[in-house]
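Residues in the sequence shown are numbered from 0 upward in steps of one, following numbering that gives the first Met the number 0. Backbone N, C-alpha and C fix where the C-beta goes; we use that ideal spot for every residue, glycine too. Just so it is clear, the structure is predicted and the values come from calculations on it, not from any experiment. Data first, discussion second: the structure below is written as structure tokens.
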Amino acid sequence: MIRIALTKGRIEKKAIEILGKAGYDCTELDEDKKGRKLLFKIANADIEIVLAKAADVITYVEHGVCDVGIVGADTIMEHGSNFYELLDLGFGKCRFALAGPAGGNFYDGYSHKIIASKYPNVAKNYFTSRGVDVEIVKIEGSVELAPLLGLADAIVDIVETGSTLVANGLEVYEDIADISARLIVNVASIKLKKPELDSFIGKISVTLAADVNEKE
Ligand code: PRP
Numbered sequence: 000m001i002r003i004a005l006t007k008g009r010i011e012k013k014a015i016e017i018l019g020k021a022g023y024d025c026t027e028l029d030e031d032k033k034g035r036k037l038l039f040k041i042a043n044a045d046i047e048i049v050l051a052k053a054a055d056v057i058t059y060v061e062h063g064v065c066d067v068g069i070v071g072a073d074t075i076m077e078h079g080s081n082f083y084e085l086l087d088l089g090f091g092k093c094r095f096a097l098a099g100p101a102g103g104n105f106y107d108g109y110s111h112k113i114i115a116s117k118y119p120n121v122a123k124n125y126f127t128s129r130g131v132d133v134e135i136v137k138i139e140g141s142v143e144l145a146p147l148l149g150l151a152d153a154i155v156d157i158v159e160t161g162s163t164l165v166a167n168g169l170e171v172y173e174d175i176a177d178i179s180a181r182l183i184v185n186v187a188s189i190k191l192k193k194p195e196l197d198s199f200i201g202k203i204s205v206t207l208a209a210d211v212n213e214k215e
């Protein structure tokens, strides 16, 4: 049996579409059927799917209670890496950016800068790599509020369409990194469940390639 931890929300829908195209019967996971359930069986394969928050996907895979995880590169960058990252799934595309009030210049002046972020490690690593000393304040969501309220000079956050920034009078100052969904595998599972994982990952890879071709 393979157990897959899948990040709830934005990534979930596309991941289930790809699983379906790869031949896995995900009927139990249909939006109108799944209700509040969190653990599902694939009807035609020895596979279970767990729906979890992004950071928990990594925890479950690292602890080996799930063999595979489907999670954004943003969460991997923030929470680390005691697993194998085997595939860039190519969907869930967005980017990390440094953003702040439109028309502002972040590097102007000598004042101590404060950065708000849901991703304090990503923010810290970015500024450390540039040799810039900043203070980082962890915010749990709607980070765009922090500069509006005067808590921070800028934010390090995910930008997808950019509409949240625009709606709040903010703009991107610098791009930090591209993000997409990744397939990760537990370090023991990769040896202990090699045949099952090879078959699963092979089918997903072929389906992803066909999916990309379809769009071109
Ligand atoms: C993310 C991110 C931005 C927004 C970016 O937040 O933190 O706020 O999406 O998307 P856009 O560029 O398409 O506008 P999310 O919706 O996950 O909610 P949260 O801020 O409450 O975590």
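What's the C-alpha gap between residue i and residue j?
i: residue 242; j: residue 168; result: There is no way to answer for residue 242, as the model of the chain reaches only from 0 to 215.
i: residue 97; j: residue 14; result: 28 Å
i: residue 126; j: residue 31; result: 44 Å
i: residue 128; j: residue 41; result: 44 Å
i: residue 156; j: residue 138; result: 10 Å
i: residue 151; j: residue 112; result: 8 Å
i: residue 81; j: residue 51; result: 18 Å
i: residue 176; j: residue 140; result: 20 Å
i: residue 119; j: residue 90; result: 24 Å
i: residue 147; j: residue 106; result: 18 Å
i: residue 195; j: residue 29; result: 24 Å
i: residue 183; j: residue 83; result: 5 Å
i: residue 164; j: residue 154; result: 10 Å
i: residue 12; j: residue 6; result: 10 Å
i: residue 210; j: residue 204; result: 10 Å
i: residue 132; j: residue 92; result: 29 Å
i: residue 39; j: residue 23; result: 12 Å
i: residue 178; j: residue 171; result: 16 Å
i: residue 220; j: residue 199; result: No statement about residue 220 is possible, as the shown extent of the chain runs from 0 to 215 and does not include it.
i: residue 21; j: residue 166; result: 39 Å
i: residue 103; j: residue 1; result: 50 Å
i: residue 4; j: residue 110; result: 44 Å
i: residue 99; j: residue 62; result: 38 Å
i: residue 25; j: residue 19; result: 6 Å
i: residue 33; j: residue 53; result: 19 Å
i: residue 115; j: residue 70; result: 23 Å
i: residue 74; j: residue 207; result: 22 Å
Name the one or two DSSP bridge partners that residue i has.
i: residue 74; result: DSSP, once it has assigned bridges, lists no residue as partnering residue 74.
i: residue 155; result: 97 and 116
i: residue 6; result: 51
i: residue 178; result: 93
i: residue 193; result: For residue 193, which the question treats as bridged, DSSP gives no partner whatsoever.
i: residue 137; result: 116
i: residue 184; result: 67 and 83
i: residue 173; result: 97
Relative to the ligand PRP, is the shortest distance from any of its heavy atoms to the C-beta of residue i smaller than 7 Å?
i: residue 161; result: yes
i: residue 216; result: Residue 216 cannot be examined here, being either before or after the span of the chain that is shown, 0 to 215.
i: residue 140; result: yes
i: residue 184; result: no
i: residue 157; result: yes
i: residue 143; result: yes
i: residue 117; result: yes
Going along the chain, which unbroken runs of the beta strand (DSSP E) with 3 or more residues stay wholly within the segment 59-120?
67-71, 83-87, 93-100 and 112-116
List in chain order: all unbroken alpha helix (DSSP H) runs of 4+ residues lying wholly within the segment 11-44.
30-33
Below 8 Å, can you find three or more Cβ-Cβ pairs linking the segment 186-197 to the segment 53-72?
yes
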